[in-house]
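Enquirer:
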Amino acid sequence: CAPRPRRARLMGDHVQLRHTLGAFRLDAAFEFGDGAQVTALFGPSGSGKSTVINAIAGLFRPEFGRVVLGGETLLDTERGLSVPARARRVGVVFQDTRLFPHLTVKANLLYGWHRASGKSDPRGIDAVIALLALERLLDRRPRTLSGGEKSRVALGRALLMNPRALLLDEPLAALDAARKAEILPYLDRLVRETKIPMLYVSHSLDEVARLADRMVLIEKGRVIAQGSLFEVTQRLDLIAGKELLPGAVLEARIAGHDEPHGLTDLILATERLIVPHIDRPVGDTVRIRIDAPDVMLALSRPEGVSANNILSASIAAIEETGAHADVQLALGDAPLIARITRRSLDRMGLKPGMPIFAVIKSVTVGGREHS
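So this is what it looks like as structure tokens:
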């Protein structure tokens, strides 16, 4: 008979799955939770993300699997243990929301609450409705809702199941930019105001950078990296040939506001960064993303340029791939990445350890804002 698969040494809450689906082989193991409220499962379409979600939720049983959430083993194929899907207390939100079309919004929400294991206080229903601003939608049916409204209802239904964890399977993928902008603030609130561990499945770096603490990078059914969001997005060895856009996700502190010009000053390491106005108090910390193609390099401080952000840094590492080079910069404790052509790399004679000036063309401000 075939040898039994060897378990990876994962401690605490974790997921281990092995399964063959035709020519596709899933072989994934990662930590889930462990102090991180939001773990992003990130990868291209067809990499196995939804298969992982279905296995955790108990919607299918893999050939080999072990799922431990909240300190409880929900699946262990070696021991013949598989907790039924309904008893796993895992809330799932799918891309298509899967609301019941014949029920009102309130009835859809109560469907989750009535089927909760260890039903919560009825006052929790009003709290979820308020959290997701559903008060004016309660008597409507799903067909009358926008895509963003449907997503909020699906989130509310999952929350009212009193889940030990939330699995969000590309919940914004079917929405246009306007609807995504509508729902993202509610996801922010959900993250800030609940303590429920979440596995957020996406191939959108914007969403992941805004919401996640940890990142699990999956490709062709295999986990190729996992760790804090900040660490994984800054690894040069993960960028080449991946959908992971080179860049840096960082945290900065609000130092002040330039109201006449609609700008905000941030402190990033020892430097100031000027960004479009952020409606948060001075002293708050915000998450920002600086994409590598938006960082230019100069050997001396440029004069007479329109860019507001010219930061002093040093070169930490260089990774050459094809016609371009990714240059990792050290800005105090804050690493940046610049993507330039190999021709520019050779022309400028860039080497690790050299001082350099980073000219930042744009900064994406979002993420979880906190005091």
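For the sequence shown, the numbering used here gives the first residue as 877, with consecutive numbering after it. A virtual CB, placed ideally from N, CA and C, is assigned to each residue, including glycine.
1) Look up residue 915 in the DSSP assignment and give the residues it is bridged to.
2) Could you give the C-beta distance for residue 1024 and residue 1058, rounded to a whole number, given that I count them as a contact under 8 Å?
3) Which value, in whole angstroms, describes the spacing of the CA atoms of residue 1028 and residue 1183?
4) Hey, quick one: how far does the alpha helix (DSSP H) through residue 1002 stretch, first residue to last?
5) What does the Cβ neighbour count give for residue 957, buried or exposed, with the cut at 16 atoms within 10 Å?
6) Below 8 Å CB to CB, which residues in the same chain sit around residue 1190 once its five sequence neighbours on both sides are set aside?
7) So which of 1046, 907, 979, 1044 has the shortest CA-CA distance to residue 1260?
8) Taking Cβ to Cβ, would you say residue 1171 is nearer than 7 Å to residue 1234?
9) How should residue 878 be labelled, buried or exposed, when 16 other C-beta atoms within 10 angstroms of its C-beta is the threshold for buried?
10) Taking 7 Å as the threshold (C-beta atoms), are residue 1004 and residue 1042 in contact?
11) Starting from residue 978, trace the beta strand (DSSP E) in both directions and tell me its first and last residue.
12) DSSP three-state label for residue 940, please.
13) Do residue 1084 and residue 1151 have their C-beta atoms closer together than 7 Å?
14) Looking at the structure shown, is residue 1014 part of a helix, part of a strand, or coil, going by DSSP?
15) Give the list of continuous alpha helix (DSSP H) stretches no shorter than 4 residues that lie fully inside the region 1100-1169.
16) Between which two residues does the beta strand (DSSP E) carrying residue 1222 extend?
17) In three-state terms, what does DSSP make of residue 956?
18) On the premise that residue 928 lies in contact with residue 904, defined as a C-beta separation below 8 Å, what is that separation, rounded to the nearest angstrom?
19) Ends of the beta strand (DSSP E) at residue 1034?
20) Look up residue 1058 in the DSSP assignment and say whether it is helix, strand or coil.
21) Does the region 915-922 come within contact of the region 1078-1095, defined as at least 3 CB pairs closer than 8 Å?
22) If you draw a straight line from the alpha carbon of residue 1193 to that of residue 1227, how long is it in whole angstroms?
23) Taking the Cβ atom as the reference point for each residue, do residue 1143 and residue 1129 lie within a distance shorter than 7 Å?
24) Have a look at residue 1135 and residue 1175 and give me their C-alpha separation to the nearest angstrom.
25) Go through its chain and collect everything with a Cβ distance to residue 889's Cβ below 8 Å, but skip five positions before and after it.
26) Figure out for me which residue from 961, 1071, 1096, 897 has the closest Cα to the Cα of residue 940.
27) Going by DSSP in three states, residue 1193 sits in which element: helix, strand or coil?
28) In or out: residue 1208 buried (at least 16 other Cβ within 10 Å) or exposed?
29) If the criterion is Cβ atoms closer than 7 Å, does the pair residue 1045 and residue 936 meet it?
30) In three-state DSSP terms, what is residue 988?
31) If distances are taken between C-alpha atoms only, which option among 982, 991, 1030, 966 comes closest to residue 1011?
32) Compare the C-alpha of residue 1048 against each of 1017, 1039, 1060 and name the closest.
33) Output the distance between the C-alpha atoms of residue 1006 and residue 1239, rounded to the nearest integer angstrom.
34) With DSSP run on the structure shown, which of helix, strand or coil describes residue 1084?
35) Identify, in the order they occur along the chain, each residue of the same chain with its Cβ nearer than 6 Å to the Cβ of residue 882, setting aside the five sequence neighbours on each side.
36) Please classify residue 892: does DSSP put it in a helix, a strand, or coil?
Expert: The short version:
1) DSSP output for residue 915 lists 1075, 1090 as bridge partner(s).
2) Yes, they are in contact, since the Cβ atoms of residue 1024 and residue 1058 sit about 4 Å apart, within 8 Å.
3) Going from the Cα of residue 1028 to the Cα of residue 1183 covers about 39 Å.
4) If you look at residue 1002, you'll find it in the alpha helix (DSSP H) that goes 999-1007.
5) Flag for residue 957 reads exposed.
6) Excluding sequence neighbours, residue 1190 sits near 1205, 1206, 1229, 1230, 1231, 1232.
7) The structure shown does not extend to residue 1260, since the chain is modelled only from 877 to 1247, so the question has no answer here.
8) A contact, by the Cβ cut-off of 7 Å.
9) In this prediction, residue 878 scores a pLDDT of 39, lower than 50, which makes its location untrustworthy; the coordinate-derived value is nonetheless stated afterwards. With fewer than 16 Cβ atoms within 10 Å of its Cβ, residue 878 is classed as exposed.
10) No, they are not a contact pair.
11) Annotation: residue 978 is outside any beta strand (DSSP E) and is labelled neither H nor E by DSSP.
12) Shown here, residue 940 sits in a strand according to DSSP, grouped into three states.
13) In this structure, residue 1151 does not lie closer than 7 Å to residue 1084 by Cβ.
14) Annotated three-state conformation of residue 1014 is coil, per DSSP.
15) DSSP runs (the alpha helix (DSSP H)) wholly in the region 1100-1169: 1105-1109.
16) According to the DSSP assignment, residue 1222 belongs to no beta strand (DSSP E) but to the alpha helix (DSSP H) extending over 1218-1224.
17) It is coil, neither helix nor strand.
18) Contact between residue 904 and residue 928 holds: CB atoms are separated by about 6 Å, below the 8 Å threshold.
19) Segment 1023-1035 is the alpha helix (DSSP H) holding residue 1034; no beta strand (DSSP E) there.
20) It is helical.
21) Contact between the region 915-922 and the region 1078-1095 is present, because at least three Cβ pairs lie under 8 Å.
22) Looking at the backbone, the Cα of residue 1193 and that of residue 1227 are separated by about 8 Å.
23) In this structure, residue 1143 sits near residue 1129, with a CB-CB distance shorter than 7 Å.
24) One C-alpha to the other measures close to 33 Å.
25) Counting only Cβ-Cβ distances below 8 Å, and skipping sequence neighbours, we find 907, 908, 909, 910, 944, 945, 946, 947, 1073.
26) The candidate whose alpha carbon is nearest that of residue 940 is 897.
27) In the structure shown, residue 1193 sits in a strand (DSSP, three-state: E or B).
28) With fewer than 16 other Cβ atoms within 10 Å, it is exposed.
29) Contact flag unset, no.
30) Reduced to three states, the DSSP call for residue 988 is helix.
31) Of the listed residues, the one whose Cα sits closest to residue 1011 is 982.
32) Checking every option, the nearest Cα to that of residue 1048 belongs to 1060.
33) If you take the alpha carbons of residue 1006 and residue 1239, they lie about 32 Å apart.
34) In the structure shown, residue 1084 sits in a helix (DSSP, three-state: H, G or I).
35) The predicted position of residue 882 is uncertain, since its pLDDT is 46 and thus under 50; no value can be drawn from it.
36) Three-state result, residue 892: strand.
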